[in-house]
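Everything on this sheet refers to the single structure shown next.
Protein chains in written order, with this note's numbering: chain Z, 2 to 477; chain W, 536 to 1029.
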């Protein structure tokens, strides 16, 4: 065989080109701008999207798979399922015994993990470049053959670990329940964003082996997945391996993407939650739009004008001028289909949440009336380029950037569009979104020490939250 | 390609037809075959130059031109443990924060606006044994950002009103920290191991923060930010010559002074027989567990053996502790162990957050694993190999970004390690033997003198903890002081 290798290699290269060329969707332009990631994308016949981006700086490579499924694809009564499922993906698969995955990643100086959001689930390996093939092998095996070894014992073990994750990251964390309180208050029951990613303890207990299998068959098919490989590797070789391991993973049913309505409040809501804390906090949230809406960009720019550096509106007014707050933050949180603009303030000693709320309102009202100055807008955009460049330093960061673009915007190169869109945001845009979204219909949440309900902002008009179980986020 | 030749498969596919590739691959692909790794990549340790500035500061420059950015960091050898008066703990961090509050020519707002327009931020802090100030910038903004850093470090005016604002914020953070079981656990653990008399057991308190005056801040700035103890590291899109010229010019006003402090620490308190220290947190959903004792300093000859040992015991996901307590038993979302390695006797610790009603069972497993690594469960060949591979092959990731390269190089200078440390790393790790591991495990994980600090719901966990008979229980409050009337289950160790 050895004596034929060079000829065969040539044929193989030709073949790879023939086979893959028709499905090459795009190649980024050879731009001189610093805002550039060279990449290529293509699709396998079974629907798997592939993104490759070579960067030879460090002999390491990231393999990152996104499944376009998150907690919003769950049903009520089965919340937390997408994240529980994420854990199942680390319990071994048909041809990869439990433990080998860790051995071929952290055991060779790399690492692996996964995470679940409302909108997507990701799985990744960072490995030395010479372990690329085994990482591809592992990802293909759990995409195609996870159910071969999945049983109720594995499910129960991971269920316990996820419950511990919930306890550690939410229940035992001061202010840890805020995310789920807002989700439940902002969206009607049954709305896909109304429950937290981590889910409820009750629902986690209720998940059956059959639920797990049905979920896998629908959402963990190649046609609902995108594979990104970023780092120091040979793309011709990588394509051969991708083809070798992924080609016969069977295509699944088409995943329906329901039309998700935006959050809409018909009146303002005032809530108070008593937590095991000593320092109270005020949170205000307005329903906005998701990343699929053009206003997301202007709302994000607005966030960095309202809080952040000491000259930002809210920070300056509350933390520096009146000093009634020790910290203040404001940001747009854009999910795929919905979004929220949130303000959070920690008061200084001796200042009430009622006083804080009034001061926040004053800042917001003034901002709606005036809009940002030209200087504020310029400062908010000045850090964009450096922020982008720093994101390019890590293979995984780059992979996530490309995946986010392809999965949520249909274009792995969306980072450049987003950059241009942000540069193009005008003062009038920001003024308009401030007026449009930061209205009186909003949720005001006071988190106060246990037994100190009276510390809430306008306590008499506020409703006490008694939540069951659930919370945001989730990492393996 | 040892077991399966994709080129052959592809060639065959071409001969037959394109559409039969799928079925052919199915026939030939044995998915149980673990793909063999390629040859280990050649380790590319970044090169750097090391020179002295005219004011005595050390300058290290490492060129990296793949992106138009660079990192500038100035690290000071010695930190709060060396420079803070014991009754003024917190003055170092407050001073570092005060550097952005205004200079002789710019207000705090003007500094902030100037930095925003450069798209960056100058940040600094002072830790226990070193401190730093620095930034990441695009290469074109390096010099103007450096000019702002120099202004902040040398010409700050330390306005009194800013001190009061920062003091207020710090006091709120201290209160918030008391609500965090993990923070309380770490603080009490340090106090139990080192006592108030040792810098490792001290921290900023409400009293020390309230005692700090503006004069203390001014004095700290003068004493601390001196070129004689500074290591400046520049990594990124510049050259050694250009960087040196720019820095000599940018820091021209910074004149000679200061030196590297000695790191002599007071004697450690006498080791106590193993004991459980229980801090009551009513209603807690989990118990935060920290188990350990003072360990060796970074310059111990046992460093590499301890790194391998900890990788097997609790440094990774599949290490013994996590494989057992999380993966097999499901008592936790994650447990770990660590040697902290300071200039002095940094702690060995093992622990994690444990579901309340399994606190006793988890503690039993922790003790079993600690005894196990000390000889009861011999380290296998495979464990030894995996741990060494993991450490050695993890080296390239330490050079993955300009900031990572900067801190990897700076660490050598701070710890007085040789310039070829990374080149000889693999050899040093490889040389560790199973006998070394057994010796260091016995020496540094002293089962008879472990402090077991648990923050949790006493009413839920106390009875079963007692029943384990692992160690007598002492009760502490969240500041680590004995609880009056809390009682102990045994007076023999008091």
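Idealized CB from N, CA, C, for every residue including glycine.
Computed from a prediction, not measured in an experiment: that's the story for all the values here.
For residue 416 of chain Z and residue 558 of chain W, the rounded distance between their alpha carbons: Reliability fails at residue 558 of chain W, whose pLDDT of 44 lies under 50, so the model's placement of it is uncertain and no value is given.
Which residue from W/872, W/661, W/996, W/971 puts its Cα closest to that of residue 1032 of chain W? Any question about residue 1032 of chain W goes unanswered here, given that chain W covers just 536 to 1029.
Residue ranges of each alpha helix (DSSP H) within the region 338-385 of chain Z, 4 or longer: 354-371, 375-383
Straight-line CA distance for residue 882 of chain W to residue 678 of chain W? 41 Å
Within a Cβ cutoff of 7 Å, which residues of the same chain sit near residue 88 of chain Z, ignoring the five residues on either side of it in sequence? 159, 162, 163, 477
I'd like to check one pair, residue 938 of chain W with residue 705 of chain W: are the Cβ atoms closer than 8 Å? no
Give me the Cα-Cα distance between residue 888 of chain W and residue 167 of chain Z, rounded to the nearest whole angstrom. 11 Å
Within chain W, partners of residue 138 of chain Z - CB distance below 7 Å: 570
Kindly indicate the opening and closing residues of the beta strand (DSSP E) around residue 187 of chain Z. It is not in any beta strand (DSSP E) - residue 187 of chain Z instead sits in the alpha helix (DSSP H) that spans 179-187.
CB contact below 8 Å: residue 107 of chain Z versus chain W: yes
Three or more C-beta pairs under 8 Å: does that hold for the region 580-599 of chain W against the region 767-776 of chain W? yes
Buried or exposed by the 16-neighbour rule on C-beta atoms within 10 Å, applied to residue 442 of chain Z: exposed
Would residue 252 of chain Z count as contacting chain W if we go by Cβ distances under 8 Å? no
Given this structure, state the Cα-to-Cα distance separating residue 1030 of chain W from residue 931 of chain W, to the nearest angstrom. Chain W is shown only over 536 to 1029; residue 1030 of chain W falls outside these bounds and no answer can be derived.
Mapping DSSP to helix, strand and coil, what is residue 208 of chain Z? coil
Assuming residue 62 of chain Z and residue 234 of chain Z make a contact with CB atoms under 8 Å, what is their CB distance in whole Å? 5 Å
Express the C-alpha separation of residue 199 of chain Z and residue 75 of chain Z in angstroms, rounding to a whole number. 11 Å
Considering only residues of the region 428-471 of chain Z, which uninterrupted beta strand (DSSP E) runs meet the minimum length of 3 residues and lie entirely inside it, listed in chain order? 444-450
Would you say residue 971 of chain W touches the ligand FAD, meaning its beta carbon is less than 7 Å from a heavy atom? The ligand content of the structure shown is nil, which means the ligand FAD is not present either.
Exposed unless 16 or more other CB atoms sit within 10 angstroms - verdict on residue 388 of chain Z: exposed
Beta-bridge partners of residue 392 of chain Z, as assigned by DSSP: DSSP lists no partner for residue 392 of chain Z.
Proximal residues, the region 792-825 of chain W versus chain Z, C-beta separation under 7 Å: 818, 819, 820, 821
Taking the alpha helix (DSSP H) that residue 960 of chain W falls in, what are its first and last residues? 956-965
Beta-bridge partners of residue 821 of chain W, as assigned by DSSP: W/890
Under the rule that 16 or more other beta-carbon atoms within 10 Å means buried, what is residue 28 of chain Z, buried or exposed? Caution is warranted here: a pLDDT of 42 is assigned to residue 28 of chain Z, below 50, making its placement in the model unreliable, and the coordinate value is therefore given only provisionally. Classification for residue 28 of chain Z: exposed.
Taking just the CA atoms, how far does residue 892 of chain W sit from residue 918 of chain W? 31 Å
Is the CB of residue 1016 of chain W under 8 Å away from at least one CB in chain Z? no
Test: residue 924 of chain W CB closer than 8 Å to a CB of chain Z: yes
Are the region 77-96 of chain Z and the region 423-440 of chain Z touching, with three or more C-beta to C-beta distances below 8 Å? no
Between which two residues does the alpha helix (DSSP H) carrying residue 247 of chain Z extend? 236-247
Using a Cβ-Cβ cut-off of less than 7 Å, list which residues of the region 860-876 of chain W approach chain Z; keep chain order. 861, 865, 867, 868
Against chain W, with Cβ distances strictly below 8 Å, would residue 110 of chain Z count as a contact? yes
Could you work out which residues of chain W lie near residue 59 of chain Z, taking near to mean beta carbons separated by less than 8 Å? 579, 931, 932, 934, 935
Exposure of residue 31 of chain Z, with buried meaning 16 or more beta-carbon neighbours within 10 Å: Residue confidence for residue 31 of chain Z is low, a pLDDT of 41 falling below 50, so the modelled location carries little weight and cannot support an answer.
What's the C-alpha gap between residue 253 of chain Z and residue 226 of chain Z? 11 Å
Could you please give the first and the last residue of the uninterrupted alpha helix (DSSP H) stretch that includes residue 679 of chain W? 677-690
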